[in-house]
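**Student:** Can you keep this structure in mind? I'll have questions shortly.
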Amino acid sequence: AQSVAQPEDQVNVAEGNPLTVKCTYSVSGNPYLFWYVQYPNRGLQFLLKYITGDNLVKGSYGFEAEFNKSQTSFHLKKPSALVSDSALYFCALYNFNKFYFGSGTKLNVKP
Amino acid sequence: DGGITQSPKYLFRKEGQNVTLSCEQNLNHDAMYWYRQDPGQGLRLIYYSQIVNDFQKGDIAEGYSVSREKKESFPLTVTSAQKNPTAFYLCASSYHRDRGYNEQFFGPGTRLTVL
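What follows is the structure, given as structure tokens:
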């Protein structure tokens, strides 16, 4: 069975500090992984994806994610957080024509 | 501008009524999806469609129905059989897997409230 887990409901970080939002997955076959961001009362916006190739994927707004096959993880990172990064972040897995989403992690960046 | 639109933004329904949520895309995407979002539960798949005139049930299809008569449109009907329909509904689209593993584009959502 395929699934995505985001173990942290909320992550708090000070502006200017690095941030990490965690995601682990379970899938039979190759993992196709995505990160999205959602601002209040809005749809989701695509940040980045891992299909194949380099384990470090760079995306929009300075975000990057590290794919780790042995740990079945795909953590989202940013070297220096901004207050405007505060939002809800979703990790997703694509398998057999469907996307499986994690429960979301609320990122709070404090000035 | 290319994109995916949903209407209305807010919708109020009385118990026992059916309501239809609109989703239109001009991205020439093959696949379309409907999700329901509740606080703390992430996104749950209601229905999805890979091609015109074909669609499949997702994880929580009971009480919902869809049609896919045109590539651009994928309306969702919330029927009176849906016991707890108050939620935020999101529509998404993407290219078919045959064109690569592409991300979904999401509409702005419809917030449905049952009175």
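If you read the sequences in order, they're chains F and X. Position 24, counted from 1, in the first sequence is what this note's numbering calls 143; the numbers after and before it change by one each time, with no gaps. Position 75, counted from 1, in the second sequence is what this note's numbering calls 811; the numbers after and before it change by one each time, with no gaps. Heads up, the beta-carbon is just placed ideally off N, CA and C, and yes, glycines get one too. Just so we're clear, the structure is a prediction, and the values are computed from it rather than from any experiment.
1. GLU798 of chain X CB to nearest chain F CB: under 9 Å?
2. Residues of chain F with a CB under 8 Å from the CB of PRO811 of chain X: which are they?
3. Under the three-state reduction of DSSP, which class applies to SER189 of chain F: helix, strand or coil?
4. Name, please, each residue of chain X whose Cβ falls closer than 8 Å to the Cβ of SER222 of chain F.
5. Cα separation between ARG161 of chain F and PRO744 of chain X?
6. What are the residues that DSSP puts in a beta bridge with ASN214 of chain F?
7. Using the beta-carbon of each residue, which ones in chain F are nearer than 7 Å to GLU839 of chain X?
8. Count the other CB atoms, across all protein chains shown, that sit within 10 Å of the CB of THR756 of chain X; report buried if there are 16 or more and exposed otherwise.
9. Which runs of the beta strand (DSSP E), 3 residues or longer, sit entirely within the region 126 to 214 of chain F?
10. Does the count of Cβ pairs from the region 812 to 826 of chain X and the region 750 to 765 of chain X closer than 8 Å reach three?
11. Report yes if the C-beta distance between VAL130 of chain F and VAL140 of chain F is below 9 Å; otherwise report no.
**Tutor:** Walking through what the data contain:
1. No Cβ of chain F is located within less than 9 Å of the beta carbon of GLU798 of chain X.
2. What PRO811 of chain X touches in chain F, judged by beta-carbon distance under 8 Å, is nothing: the nearest beta carbon there is about 17 Å away.
3. Taken through DSSP and simplified to helix, strand or coil, SER189 of chain F comes out as coil.
4. The answer, in chain order, is GLY776, GLN777 and GLY778.
5. Those two C-alpha atoms are separated by around 13 Å.
6. ASN214 of chain F is bridged to F:LYS217.
7. Listed along chain F are PHE153, PHE165 and LYS168, each with a C-beta nearer than 7 Å to that of GLU839 of chain X.
8. When all chains shown are included, THR756 of chain X counts as exposed.
9. For the region 126 to 214 of chain F, whole beta strand (DSSP E) runs of length 3 or above, ordered along the chain, are 129 to 133, 138 to 140, 143 to 145, 151 to 157, 163 to 169, 175 to 177, 183 to 187, 192 to 197 and 206 to 214.
10. Yes: the two stretches touch, three or more of their Cβ pairs being nearer than 8 Å.
11. Cβ distance < 9 Å, so VAL130 of chain F and VAL140 of chain F count as in contact.
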